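Reviewing the structure listed below.
Chains as they are written, first to last, in the working numbering: chain A, 1 to 184; chain B, 1001 to 1562.
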């Protein structure tokens, strides 16, 4: 009789533990999803800002049409990319073209003083920071999810209910690991 | 183990329920003490000879009733405090909503949004306090509303990255939940302080005419009233003393913790260190209207020896840890040292100024039709002096195709309608030359400037902002004028203000037919003549005057600081 009770209690404890682990995994997965959608929102915002930026810059820097075309091209690639891997590559390329664009604007004091350009610059800086922060949040959450999915004994529950590891959203180029912050 | 922002939310309720019971305990202790004292007092009156003082005069049931009473009062007090909590505190701090057209405010809003993304989407509002001081605060209430506030001085003097770090610190208070506890505990006992101040005013006023009503009461009502007043005063004093203990709950550790989370959010310990240094060693900022509220700020607004000390007493009673300690930890993370930070901040204080933006007059020119022939071209100033312009005169813009009458052209309509100055093209008109004023961005905020007389029309609250901000450098001419005015002040040779009614200006916004703008000095300390509308608060500065005021105030500030 006592053995039966002990068994019953053990089974109940196991079930409770399983439920807790399951709920925790669901929470982690949702956080990661939420983080990814944040990145998506910010990337889209960046894509929306770029045409305006190019329009404004065009008026001041007719000689730099090559730089501007590069930015437009990179933007189109980024918009078209669908998988996480493609997106990473395209966004990295876009970041580098943007950086060279802003480097070139240093030579045009009139452009730098332009009210609209200042505003666009601020908006773009803000969006770049948001992308950085969103990626940071996403990667943190993915890290927690992946750790939980692989570690013992949670991995039993994870494999049973098909919780899977997610890919990080990373920067490939080492020089880009510095946050693209602009000091005024 | 990464810091989980979702989990930590659960911990915050503990401190808060603790504070709630502390409040009830404070009331209970005060009521109980008074009950014991009064019972003893009556015992003494009944039989003065056999009287000995007892603490245990109350029955259990009586104690229970007192407790119930204290509970109800405490509950009412609690609800009264926590309702509209944030609105009340923002009122005390004189905080303002952001102006979406102001460049500094746009940046601040963006930064708050960025940090919100870093926390995984916690919603936070942004407000500013219009003072020169440098400080920042965070507030939160039960409904989940959260507010981050910065002073204008901070927005003007720190770099974007530094502001980001400071906002990160404040956001850390919010997501870690300690902000809610701090907000409630600090505001909880403000009620006492307020009532107590009122009482003290009455007592102190006793000798003077202010206390004459209370004297009359005491003369009529006799000792009873005085004893009653004294009792209430005692009650309040006891509760206030006990409430000082509430600082025990506000651990100074939470500032260290918030610094750490801020670094996790923004990954930029160096900027946070620079910001802390800049705030604490340059503009910590008295002048904030909130002594009781010190706990909500990033750096204690008033320098306090308790804060900067170590030891048990400091640990228990101070609300902020020593700045040196905080800097040390942050600089370790950033692999940097204090000297570098000091150099950086010094350099930042001397960042290059831009020239005062000059606006070109409108370059549009018109041809006008007179006596069967086209004349011109004229620019706007010339057209105003022509004398033969009528509303139905035909005009054509140079280079334009359309021929229309003067009154149909929005930009020059005002020339022929002097009787009723209105808005030309949606803009205000210069009160001196009736030209439409151009909207320009000056020191990050919008002002209206006349292209002809170079006078400037500014909203009163924006004047403060312009003075605080330091983008614009000043020409030698401005310096000479400003120094001239200060010399006159020293010699006490004050100029008389010309208040001839004919020269007074009409406010371009209110356009009131009879009322004129008031001509006055900007302040008695800075004797620059300005025209101010007392109906809408707009201020008109003649050409150069705004820059002169800016230069004088900035200059005297620099003098007093060094």
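Glycine is no exception: its CB is placed at the ideal position from the N, C-alpha and C atoms. From a predicted model like this one, the values you see are computed outputs, not experimental measurements.
**Message:** Threshold first: 4 residues or longer. Then list the alpha helix (DSSP H) segments lying entirely within the region 1475 to 1548 of chain B, N to C.
**Reply:** 1476 to 1490
**Prompt:** So, helix, strand or coil for residue 1394(B), using DSSP?
**Reply:** strand
**Request:** Check distances from the C-beta atoms of the region 105 to 128 of chain A to those of chain B and list, in chain order, the residues that come in under 9 Å.
**Result:** 113, 115, 118, 119, 122, 123, 125, 126 and 127
**Request:** Look up residue 1404(B) in the DSSP assignment and give the residues it is bridged to.
**Result:** 1395(B)
**Other residues of its chain near residue 36(A): CB distance less than 6 Å, five sequence neighbours each side excluded** = 138
**Request:** My understanding is that residue 142(A) touches residue 163(A), with C-beta atoms under 8 Å, so please give their C-beta distance in whole angstroms.
**Result:** That belief does not hold up - the Cβ atoms of residue 142(A) and residue 163(A) are roughly 12 Å apart, past 8 Å.
**Item:** Distance between residue 1122(B) and residue 1175(B) (C-alpha atoms, nearest Å)
**Value:** 8 Å
**Request:** Tell whether a beta-carbon distance below 8 Å holds between residue 1070(B) and residue 1024(B).
**Result:** yes
**Asked** Between residue 1127(B) and residue 1158(B), is the Cβ-Cβ spacing less than 8 Å?
**Response** no
**Prompt:** residue 1031(B) by DSSP, collapsed to three states: which one?
**Reply:** helix
**Rounded distance between the beta-carbons of residue 1504(B) and residue 1516(B), thought under 8 Å** = 4 Å
**Prompt:** For the beta strand (DSSP E) that contains residue 1442(B), what are its first and last residues?
**Reply:** 1438 to 1442
**Prompt:** Can you name, in chain order, every residue of its own chain whose Cβ lies under 7 Å from the Cβ of residue 1145(B), other than the five neighbours on each side?
**Reply:** 1086
**Message:** Quick check: what's the CA-CA separation for residue 71(A) versus residue 94(A)?
**Reply:** 7 Å
**Asked** Out of 153(A), 59(A) and 77(A), which has the shortest C-alpha to C-alpha gap to residue 105(A)?
**Response** 59(A)
**Prompt:** Can you list, in chain order, the residues of the region 1115 to 1139 of chain B whose Cβ is nearer than 8 Å to any Cβ on chain A?
**Reply:** 1115, 1117, 1118, 1119, 1120 and 1121
**Asked** Straight-line CA distance for residue 117(A) to residue 39(A)?
**Response** 25 Å
**Prompt:** Do the region 71 to 82 of chain A and the region 144 to 161 of chain A meet, that is, are 3 or more Cβ pairs less than 8 Å apart?
**Reply:** no
**Item:** Coil, strand or helix - residue 1435(B) by DSSP
**Value:** coil
**Message:** Which residues in chain B have a C-beta closer than 8 Å to the C-beta of residue 35(A)? List them in chain order.
**Reply:** 1120
**Request:** Grab me the residues of residue 1254(B)'s own chain with a C-beta within less than 6 Å of its C-beta, minus the 5 sequence neighbours each way, in chain order.
**Result:** 1178
**6 Å CB neighbourhood of residue 21(A) in its chain, flanking five on each side removed** = 154 and 157
**Message:** Determine whether the beta carbon atoms of residue 211(A) and residue 52(A) lie at a separation below 8 Å.
**Reply:** Residue coverage of chain A in this structure runs from 1 to 184, which leaves residue 211(A) outside it and unanswerable.
**Request:** Using a Cβ cut-off of 8 Å, pull out every chain B residue sitting near residue 130(A), in sequence order please.
**Result:** 1113, 1114 and 1117
**Asked** Since residue 1126(B) is in the beta strand (DSSP E), which residue starts that stretch and which ends it?
**Response** 1125 to 1129
**Asked** What's the gap between the Cα of residue 1551(B) and the Cα of residue 1368(B)?
**Response** 44 Å
**Item:** At least three beta-carbon pairs within less than 8 Å, the region 1103 to 1115 of chain B to the region 1049 to 1057 of chain B
**Value:** no
**Request:** Measuring alpha carbon to alpha carbon, tell me which of 1463(B), 1485(B), 1508(B) and 1519(B) ends up nearest residue 1131(B).
**Result:** 1463(B)
**Beta carbon of residue 122(A) nearer than 8 Å to that of residue 1107(B)** = yes
**Message:** If contact is defined by three or more beta carbon pairs under 8 Å, each pair taking one atom from either stretch, is the region 1267 to 1283 of chain B in contact with the region 1163 to 1173 of chain B?
**Reply:** yes
**Prompt:** Between the C-alpha atoms of residue 1031(B) and residue 1080(B), what's the straight-line distance to the nearest angstrom?
**Reply:** 20 Å
**Message:** Assuming residue 51(A) is part of the alpha helix (DSSP H), what are its boundary residues?
**Reply:** 2 to 60
**Item:** Cβ of residue 137(A) within 8 Å of any chain B Cβ
**Value:** yes
**Message:** Does any residue of chain A have a CB that is nearer than 8 Å to the CB of residue 1441(B)?
**Reply:** yes
**Request:** Determine the contact status of residue 1548(B) and residue 1540(B), defining contact as a CB-CB distance below 8 Å.
**Result:** no
**Prompt:** Near residue 45(A), which residues of its chain fall below 8 Å by C-beta distance, leaving aside the five closest residues on each side in sequence?
**Reply:** 127 and 130
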